[in-house]
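Structure first, then comments.
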Amino acid sequence: METQKINVAAILVVALTGIIVTVLAASLLMAYQRVPNYGYVKSVGVGVYWDQACTENVTSIDWGILEPGSNRTQVIWIKNTGNTQVVLNMTTGNWTTPEAENYISLTWNREGQILNANQSISATLTLSVSTTITETDIVEFSFDMIITGTEQES
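According to our numbering, the sequence shown is numbered sequentially starting from 275.
In C-alpha coordinates, the structure reads:
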(Lines of atoms letter the chains of each structure in order from A; the text may use other names.)
(Lines give C-alpha, C1' and ligand atoms only; values in the text may rest on other atoms or scores of the structure.)
Protein backbone atom coordinates (compact mmCIF):
# COMPACT_ATOMS: atom_id res chain seq x y z
CA MET A 275 0.00 0.00 0.00
CA GLU A 276 2.84 2.32 0.86
CA THR A 277 4.48 1.54 -2.47
CA GLN A 278 1.32 2.45 -4.40
CA LYS A 279 1.21 5.90 -2.74
CA ILE A 280 4.85 6.48 -3.69
CA ASN A 281 4.19 5.34 -7.27
CA VAL A 282 1.16 7.65 -7.61
CA ALA A 283 3.14 10.54 -6.12
CA ALA A 284 6.06 9.83 -8.45
CA ILE A 285 3.74 9.72 -11.46
CA LEU A 286 2.17 13.06 -10.46
CA VAL A 287 5.61 14.65 -10.00
CA VAL A 288 6.79 13.36 -13.39
CA ALA A 289 3.55 14.51 -15.10
CA LEU A 290 3.68 17.96 -13.50
CA THR A 291 7.35 18.31 -14.43
CA GLY A 292 6.49 17.35 -18.02
CA ILE A 293 3.74 19.96 -18.21
CA ILE A 294 6.02 22.69 -16.84
CA VAL A 295 8.83 21.77 -19.24
CA THR A 296 6.39 21.76 -22.18
CA VAL A 297 5.00 25.21 -21.31
CA LEU A 298 8.48 26.67 -20.86
CA ALA A 299 9.71 25.13 -24.11
CA ALA A 300 6.67 26.40 -26.01
CA SER A 301 7.18 29.94 -24.73
CA LEU A 302 10.87 29.84 -25.68
CA LEU A 303 10.12 28.46 -29.13
CA MET A 304 7.30 30.92 -29.86
CA ALA A 305 8.06 33.46 -32.55
CA TYR A 306 6.21 36.68 -33.15
CA GLN A 307 6.12 39.49 -35.64
CA ARG A 308 4.87 42.99 -34.93
CA VAL A 309 2.64 44.37 -37.69
CA PRO A 310 1.94 48.12 -37.51
CA ASN A 311 -1.58 49.23 -38.45
CA TYR A 312 -2.77 52.55 -39.76
CA GLY A 313 -5.77 54.02 -41.44
CA TYR A 314 -8.01 57.03 -41.63
CA VAL A 315 -11.13 57.67 -39.65
CA LYS A 316 -13.92 59.19 -41.70
CA SER A 317 -15.28 62.38 -40.23
CA VAL A 318 -18.54 63.90 -41.29
CA GLY A 319 -19.24 67.53 -40.53
CA VAL A 320 -20.55 70.74 -41.99
CA GLY A 321 -19.96 74.34 -41.03
CA VAL A 322 -22.29 77.27 -41.71
CA TYR A 323 -20.67 80.63 -42.46
CA TRP A 324 -21.48 84.20 -43.49
CA ASP A 325 -18.53 84.56 -45.86
CA GLN A 326 -17.07 82.71 -48.84
CA ALA A 327 -13.76 82.20 -46.98
CA CYS A 328 -15.76 80.30 -44.32
CA THR A 329 -14.26 82.21 -41.40
CA GLU A 330 -17.35 83.87 -39.87
CA ASN A 331 -19.66 81.28 -38.27
CA VAL A 332 -23.39 81.83 -38.52
CA THR A 333 -24.68 81.68 -34.95
CA SER A 334 -28.13 83.19 -35.54
CA ILE A 335 -30.15 84.80 -38.30
CA ASP A 336 -32.30 87.86 -37.67
CA TRP A 337 -35.09 87.85 -40.23
CA GLY A 338 -36.42 91.21 -39.05
CA ILE A 339 -40.07 92.21 -39.30
CA LEU A 340 -41.97 90.13 -41.86
CA GLU A 341 -45.29 90.84 -43.56
CA PRO A 342 -47.92 88.11 -44.05
CA GLY A 343 -47.48 86.64 -47.53
CA SER A 344 -43.86 87.77 -47.78
CA ASN A 345 -40.62 85.95 -48.51
CA ARG A 346 -37.16 86.94 -47.35
CA THR A 347 -33.87 85.43 -48.53
CA GLN A 348 -30.47 85.13 -46.89
CA VAL A 349 -27.26 83.83 -48.45
CA ILE A 350 -24.95 81.70 -46.31
CA TRP A 351 -21.99 79.42 -47.04
CA ILE A 352 -21.86 75.72 -46.24
CA LYS A 353 -18.52 73.93 -45.92
CA ASN A 354 -17.87 70.21 -45.62
CA THR A 355 -15.44 70.17 -42.69
CA GLY A 356 -15.07 66.39 -42.78
CA ASN A 357 -12.92 64.17 -44.93
CA THR A 358 -15.63 62.28 -46.79
CA GLN A 359 -18.33 63.25 -49.29
CA VAL A 360 -21.68 64.26 -47.75
CA VAL A 361 -25.25 64.90 -48.86
CA LEU A 362 -26.80 68.08 -47.43
CA ASN A 363 -30.15 68.28 -45.69
CA MET A 364 -31.88 71.06 -43.77
CA THR A 365 -34.66 70.82 -41.22
CA THR A 366 -36.11 73.10 -38.57
CA GLY A 367 -36.96 72.40 -34.97
CA ASN A 368 -37.32 73.79 -31.47
CA TRP A 369 -39.99 76.30 -32.47
CA THR A 370 -40.78 78.61 -29.52
CA THR A 371 -44.34 78.84 -30.84
CA PRO A 372 -44.98 75.34 -32.25
CA GLU A 373 -48.03 76.57 -34.19
CA ALA A 374 -45.80 79.00 -36.14
CA GLU A 375 -44.34 76.07 -38.07
CA ASN A 376 -47.71 75.78 -39.84
CA TYR A 377 -47.46 79.37 -41.14
CA ILE A 378 -43.73 80.03 -41.50
CA SER A 379 -41.45 77.86 -43.59
CA LEU A 380 -37.74 77.82 -44.30
CA THR A 381 -36.44 76.31 -47.54
CA TRP A 382 -33.14 76.39 -49.37
CA ASN A 383 -31.61 75.61 -52.73
CA ARG A 384 -29.14 72.95 -51.54
CA GLU A 385 -31.35 70.05 -50.44
CA GLY A 386 -29.70 66.79 -51.51
CA GLN A 387 -26.57 68.61 -52.72
CA ILE A 388 -23.42 66.47 -52.67
CA LEU A 389 -20.48 68.25 -51.08
CA ASN A 390 -16.94 66.87 -51.32
CA ALA A 391 -14.48 66.98 -48.42
CA ASN A 392 -13.36 70.57 -47.76
CA GLN A 393 -15.67 71.92 -50.48
CA SER A 394 -17.79 74.98 -49.73
CA ILE A 395 -20.81 76.39 -51.58
CA SER A 396 -23.23 79.25 -51.17
CA ALA A 397 -26.79 78.47 -50.16
CA THR A 398 -29.84 80.68 -50.40
CA LEU A 399 -32.30 80.37 -47.53
CA THR A 400 -35.88 81.51 -48.12
CA LEU A 401 -38.19 82.25 -45.22
CA SER A 402 -41.86 82.38 -46.26
CA VAL A 403 -44.75 83.68 -44.17
CA SER A 404 -48.25 82.51 -45.06
CA THR A 405 -51.01 85.07 -45.55
CA THR A 406 -53.19 83.04 -43.19
CA ILE A 407 -50.88 83.81 -40.26
CA THR A 408 -53.16 86.81 -39.65
CA GLU A 409 -55.82 84.34 -38.45
CA THR A 410 -53.59 83.44 -35.48
CA ASP A 411 -52.12 85.22 -32.48
CA ILE A 412 -48.55 84.66 -33.69
CA VAL A 413 -46.58 87.89 -33.54
CA GLU A 414 -43.07 86.54 -33.00
CA PHE A 415 -41.21 83.30 -33.52
CA SER A 416 -37.87 81.61 -33.22
CA PHE A 417 -36.63 78.22 -34.29
CA ASP A 418 -33.45 76.29 -34.93
CA MET A 419 -32.23 75.58 -38.43
CA ILE A 420 -30.43 72.22 -38.55
CA ILE A 421 -28.11 71.58 -41.49
CA THR A 422 -26.90 68.01 -41.70
CA GLY A 423 -24.24 66.40 -43.84
CA THR A 424 -24.82 62.67 -44.21
CA GLU A 425 -22.03 60.50 -45.53
CA GLN A 426 -22.47 59.80 -49.23
CA GLU A 427 -22.64 56.06 -49.89
CA SER A 428 -19.99 54.90 -52.33
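For every residue, glycine included, the Cβ atom is placed at its ideal position computed from N, Cα and C.
Can you list, in chain order, the residues of its chain whose CB lies under 6 Å from that of T365, leaving out five sequence neighbours each side? Once the five neighbours on either side are set aside, the close Cβ partners of T365 are I420.
Do the segment 380 to 395 and the segment 345 to 354 make contact, defined as three or more Cβ pairs closer than 8 Å? yes
Answer with buried or exposed for A327, where buried requires no fewer than 16 other C-beta atoms within 10 angstroms of its C-beta. By the neighbour-count definition (other C-beta atoms within 10 Å, threshold 16), A327 is an exposed residue.
Pairwise C-alpha distance: V413 and V403: 12 Å
Identify whether N390 lies in helix, strand or coil by the three-state DSSP scheme. Looking at N390 - three-state DSSP - the assignment turns out to be coil, as it is neither helix nor strand.
May I ask you to report which of helix, strand or coil DSSP gives T398? strand
I294, DSSP secondary structure in three states: helix
For I378 and L401, what's the separation of their Cα atoms in angstroms? 7 Å
Using the Cα positions of G292 and A284, report the straight-line distance between them to the nearest angstrom. 12 Å
For T406, which of V360, G343, E427 has the nearest alpha-carbon? That would be G343, whose Cα lies nearest to the Cα of T406.
Sheet register partners of T366 (DSSP bridge): M419
Can you tell me which residues form a DSSP beta bridge with T424? V361
Note down the Cα distance separating D418 from N331, rounded to an integer number of angstroms. 15 Å
From E373, L362, D411, L380, residue whose alpha carbon lies closest to that of E427: L362
Using only the alpha-carbon positions, how far apart do S334 and Q348 sit? Using only the alpha carbons, I get a separation of about 12 Å.
What whole-angstrom Cβ distance do V320 and V360 have, given they're in contact under 8 Å? 7 Å
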